[in-house]
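Enquirer:
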Amino acid sequence: MNNESVIKSRFEENGKVFETGAPVTGAVSIENAVAVGFGDGSIRFFWPDNDPLEVQAHSGAILSIASSNDGVITGGQDGRFLKISTNAEVEEIYNFGTRWVDNVAAYESMVLCSSGKNVYIWSDENDKPKILEHQSTIGGIAIDQNGRRIAVSCYGGVTLWRLEKNKWKSSKFAWKGSHGKVGFSPDGKYLVTTMQENELHAWRIRDKASFAMSGYPSKVKSFTWAGDNPYLVTAGAKEAICWPFDGKEGPKGRKPLCIASGGQQNATFVESLPGEKAIFAGFRNGMVLLSELSEHPNDVLIQNPTGSEVSNISISPDRSHILVGDSKGQILWSPLWEQ
Amino acid sequence: METNTSQVPVTVLTGFLGAGKTTLLNRILTEQHGRRYAVIVNEFGEQGIDNDLVVDADEEVFEMNNGCICCTVRGDLIRILGGLMKRADQLDAIIVETTGLADPAPVAQTFFVDQDVADRTKLDAIVTVADAVHLSTQLGEHHEAEEQIAFADVVLLNKIDLVDKSKLAGVKDRIRKINPYTKIIETNRCAAPLEEILGLNAFSLDRVLEVEPDFLDSDHDHEHDDDVTSVSFVSDTPLDLEKFEKWFGNLLQTHGQNILRSKGILDFKNEKDRYVFQGVHMLMDASPMGPWPEKSIRNSRVVFIGRKLETMNLKEGFESCKSD
């Protein structure tokens with residue numbers, strides 16, 4: 235929207251805009267870069283000081299991206315599970331043929347992906363993947379902070395896999411319905427999933443006590459953790475809805491913080507600002523706000539509406555730059571602080 | 002399901018095993034049509050594919066927790082359609098093949114229930130491939146075969162060279178009895194023009210206005226309880242909006258499981274617009290569709306396709322909606 239009357243934000247003034255033409259499907263930090271996956275199968279590395287580097291990796295959209303020890307790993311609609319180094323070297327870890335590689339994750343030298351109902355794990359020692367089977371197609375995978383547990387969501391709940399004496403042992407966290415993205419809380423005590431319904435579900439791992447976080451006007455497509463409490467920050471509503479996870483009972487019976495208001499449309503992506511009590515919220519119309527985790531937050535405009543849904547917000551590893559990507563392929567890459 | 006040019010049309014291809022679905026699919030994939038299709042299949046195998054995109058899927062039907070007891074959707078479709086919308090290349094159409102024994106309702110309901118799916122794609126039509134030789138037997142033995150005919154916007158009646166004229170007429174009668182709305186295309190080896198199968202826009206509400214069902218009398222005394230049948234009613238007296246909403250809402254709530262599809266054009270008293278609706282089980286899409294054309298006859302027409310329709314007092318219910 236090249237509307238002359240729109241006042242550009244400082245970030246739009248100081249940053250660079252790239253029109254890539256392909257939807258942004260994911261992004262992740264690696265070394266000092268942000269690596270972005272696109273709907274045309276390409277990856278672009280954005281550095282604070284250099285021009286972006288484009289690597290053609292998959293044919294068809296990249297469905298998932300994560301960073302590993304020595305490169306980003308990606309899963310695509312071409313059935314390939316790839317590792318791509320920041321020098322643009324592409325290595326095929328596995329080829330699943332006509333089956334999509336829906337989710338990827340990594341911890342140090344362990345890489346894993348899901349295709350259909352199975353999770354495939356590659357560790358250092360051997361080339362053959364270890365296969366973890368599930369009852370239905372996998373919605374999301376997550377590895378905990380020390381690489382000992384893997385959470386896998388699908389229809390009917392989450393399967394938590396624990397590495398014990400070199401064997402993966404499973405336990406089931408059941409809740410009726412279809413579960414999408416899954417994550418551990420930073421302290422590793424809770425599991426959270428997005429659901430097909432307009433809500434999130436959470437379990438306290440210790441006793442499997444579970445609860446729903448509902449009331450959203452649309453599907454929750456994105457969540458992250460922020461602050462010291464910490465808060466579970468979620469998209470899906472006209473504000474970023476932040477659930478307090480401190481105390482014994484977490485958000486049970488408590489009201490969430492609602493911040494980053496001003497968007498007339500639902501939030502589609504949320505990201506925390508590492509080291510600060512602040513979050514970014516991107517909306518369906520392309521607007522991005524920075525907001526404080528407090529009862530009376532100040533909102534800062536990062537990006538004016540672009541007309542396309544915000545599909546990613548990432549902060550560079552050195553916290554110097556912000557990247558905003560949308561579903562039409564526009565990228566804003568901007569210094570985060572006053573120069 | 003609003004009409005929106007950026008929505009990619011989705012054709013659902015059903016049909017019993019051996020009816021000729023794969024033949025049709027191969028034709029779609031190999032014919033020079035200058036368009037880009039994505040085909041979502043179950044275990045497609047090794048056939049050669051040129052230009053088009055083939056996605057393997059497992060049919061995963063799951064219940065929604067939305068309080069609607071018959072509301073099942075296809076979870077894999079939500080995931081795959083969402084994934085296809087992330088692609089940079091524009092697809093002209095998406096074709097979903099279902100397995101032979103599949104109930105088409107969860108596929109159709111997916112387009113009513115999931116907002117992301119409804120925003121970016123639209124259900125174009127349900128096309129059922131039927132075997133002229135075996136359909137009559139299959140209809141008697143498998144309720145899925147009846148459902149596939151009941152949901153069909155188009156029935157591709159295949160292998161007609163293998164039956165004589167009277168048998169063909171009998172099969173067509175049987176189809177009509179289940180579904181008076183469907184268009185029957187007679188073929189051998191699924192050799193029908195693709196434009197009669199794809200891009201029909203059959204689920205758009207304004208198409209309800211165009212398609213005239215073969216109105217049948219509602220007597221079906223010889224039918225078995227479990228058979229899928231259809232009934233239709235016409236009223237020249239304008240209906241009362243409030244009475245209709247109350248009756249119809251209650252009807253879907255009580256009998257939605259047995260009403261497979263419903264469609265209608267309604268003339269309400271003191272309303273200048275035509276109202277059009279169509280439903281799949283308990284889910285319904287309805288909207289005013291502009292004023293009645295000047296020279297057309299204003300009347301209300303409704304069609305129900307389903308099981309045990311005779312137990313629902315449909316005629317009495319519809320009559321009771323007439324305005325005083």
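Taken in sequence, the protein lines are chains A and B. The opening position of the first sequence corresponds to residue 235 in the numbering used here, with each subsequent residue numbered one higher. The opening position of the second sequence corresponds to residue 2 in the numbering used here, with each subsequent residue numbered one higher. Don't be surprised by glycine CBs; every beta carbon is placed ideally from N, CA and C.
May I have the straight-line CA-CA distance separating V504(A) from I377(A), to the nearest angstrom?
Expert: Cα to Cα, V504(A) sits roughly 20 Å from I377(A).
Enquirer: From the beta carbon of G49(B), is the nearest beta carbon of chain A less than 9 Å away?
Expert: In this prediction, G49(B) scores a pLDDT of 44, lower than 50, which makes its location untrustworthy; the coordinate-derived value is nonetheless stated afterwards. For G49(B), the answer is no, since every Cβ of chain A falls outside 9 Å of its Cβ.
Enquirer: Can you pull the chain A neighbours of M65(B), defined as C-beta to C-beta under 9 Å?
Expert: Neighbours of M65(B) on chain A, chain order: G411, S412, Q430 and E431.
Enquirer: Check each candidate in G373(A), P363(A), D480(A) and S548(A) and name the one with the smallest Cα separation from N463(A).
Expert: Looking at the Cα atoms, D480(A) is the closest of the given residues.
Enquirer: Are the CB atoms of D274(B) and S236(B) within a distance shorter than 9 Å?
Expert: Going by C-beta atoms, S236(B) is not nearer than 9 Å to D274(B).
Enquirer: Could you tell me whether any Cβ in chain B is nearer than 9 Å to the Cβ of F252(A)?
Expert: No, no contact with chain B.
Enquirer: With burial defined as no fewer than 16 other Cβ atoms inside 10 Å of the residue's Cβ, what is the status of N180(B): buried or exposed?
Expert: That one is buried.
Enquirer: Using a Cβ-Cβ distance cut-off of 9 Å, determine whether E3(B) contacts chain A.
Expert: Low per-residue confidence applies at E3(B): pLDDT is 38, beneath 50, and the placement is therefore not dependable enough to give any value.
Enquirer: Apart from the five residues just before and just after G313(A), which ones in its own chain have a Cβ nearer than 7 Å to its Cβ?
Expert: N329, F330, G331, T332, R333, W334 and V335.
Enquirer: Using a Cβ-Cβ cut-off of 9 Å, state whether V281(B) counts as contacting chain A.
Expert: Chain A contact via Cβ: absent.
Enquirer: Pull up the distance between the alpha-carbon of T73(B) and that of P107(B), whole angstroms please.
Expert: C-alpha separation (whole angstroms): 5 Å.
Enquirer: Taking Cβ to Cβ, would you say Y354(A) is nearer than 9 Å to S348(A)?
Expert: Going by C-beta atoms, Y354(A) is nearer than 9 Å to S348(A).
Enquirer: Please list the terminal residues of the continuous beta strand (DSSP E) segment that includes Q537(A).
Expert: Here the beta strand (DSSP E) through Q537(A) covers D533 to Q537.
Enquirer: Among L566(A), K403(A) and L570(A), which one has its Cα closest to the Cα of R278(A)?
Expert: Closest option to R278(A), Cα to Cα, is L566(A).
Enquirer: When you check each C-beta in the region 276 to 302 of chain A against every C-beta of chain B, which residues fall closer than 7 Å?
Expert: Of all residues in the region 276 to 302 of chain A, G294, A295 and L297 have a Cβ within less than 7 Å of some Cβ in chain B.
Enquirer: With C-beta atoms as the reference, is A512(A) less than 9 Å away from S495(A)?
Expert: The answer is no: Cβ separation not under 9 Å.
Enquirer: Exposed or buried, which one is I298(B) when buried takes at least 16 other CB atoms within 10 Å?
Expert: Exposed, since its Cβ has fewer than 16 Cβ neighbours within 10 Å.
Enquirer: Touch check for the region 533 to 552 of chain A and the region 248 to 268 of chain A: three-plus C-beta pairs under 8 Å?
Expert: The region 533 to 552 of chain A is in contact with the region 248 to 268 of chain A.
Enquirer: Compute the Euclidean distance between the alpha carbons of S319(A) and G305(A), then round it to the nearest angstrom.
Expert: Those two C-alpha atoms are separated by around 4 Å.
Enquirer: Check the Cβ-Cβ distances between D57(B) and every residue of chain A, and say whether any is below 9 Å.
Expert: True, the Cβ-Cβ gap to chain A drops below 9 Å.
Enquirer: Thinking E64(B) and R75(B) are a contact (beta carbons under 8 Å), I'd like their distance in whole angstroms, please.
Expert: E64(B) to R75(B), Cβ: 12 Å. No contact.
Enquirer: Would you say D120(B) and Q8(B) are within 9 Å of each other, going by their C-beta atoms?
Expert: Contact: yes.
Enquirer: Quick check on DSSP: helix, strand or coil for G559(A)?
Expert: Three-state result, G559(A): strand.
Enquirer: Under DSSP, the beta strand (DSSP E) around E325(A) begins and ends at which residues?
Expert: Segment V324 to N329, the beta strand (DSSP E) holding E325(A).
Enquirer: Span of the beta strand (DSSP E) holding N373(B)?
Expert: The structure shown does not extend to residue 373(B), since chain B is modelled only from 2 through 325, so no value can be given for it.
Enquirer: According to DSSP, is L217(B) part of a helix, a strand, or is it coil?
Expert: A caution first: L217(B) carries a pLDDT of 49, below 50, which makes its placement in the model unreliable, though a value can still be read off. In the structure shown, L217(B) sits in coil (DSSP, three-state: anything other than H, G, I, E or B).
Enquirer: Measuring only the C-alpha atoms, how far is E243(B) from F249(B)?
Expert: Approximately 10 Å between the Cα atoms of the pair.
Enquirer: For A192(B), count neighbouring C-beta atoms within 10 Å of its own C-beta (all shown protein chains included) and say buried if the count is 16 or more, exposed if not.
Expert: The residue in question, A192(B), is exposed, as its Cβ has fewer than 16 Cβ neighbours within 10 Å.
Enquirer: Under 8 Å from any heavy atom of the ligand NAD, does the C-beta of R299(B) make it?
Expert: In the structure shown, the ligand NAD is absent, as is every other ligand, since no ligand is present at all.
Enquirer: Run down chain A in chain order and give the residues with a C-beta less than 8 Å from the C-beta of E61(B).
Expert: Within 8 Å Cβ-Cβ: S370, T371 and Y389.
Enquirer: On a Cα-Cα basis, can you pick out the residue from S298(A), A339(A), L507(A) and L287(A) that is closest to A322(A)?
Expert: Cα-wise, what sits closest to A322(A) is L287(A).
Enquirer: Given D222(B), which residues of its chain have a CB within under 6 Å of its CB, disregarding the five upstream and five downstream residues?
Expert: For D222(B), the pLDDT reaches just 46, beneath the cut-off of 50, and the residue's location in the model is therefore unreliable, although a value from the coordinates is still provided. Closer than 6 Å at the Cβ level, and outside the excluded window around D222(B), lies no residue.
Enquirer: Just the C-alpha distance for E246(B) and R88(B), rounded to the nearest angstrom, thanks.
Expert: Near 42 Å, if we compare the C-alpha coordinates of R88(B) and E246(B).
Enquirer: Alpha carbon to alpha carbon, how far is W477(A) from L366(A)? Give it in angstroms, no decimals.
Expert: Roughly 32 Å between the two C-alpha positions.
Enquirer: Check the Cβ of F272(A) against every Cβ in chain B and list those closer than 8 Å, keeping chain order.
Expert: By Cβ distance, chain B contributes A89.
Enquirer: My assumption, with CB atoms under 8 Å, is that V128(B) sits in contact with T12(B). Please give the rounded CB distance.
Expert: Confirmed, about 6 Å.
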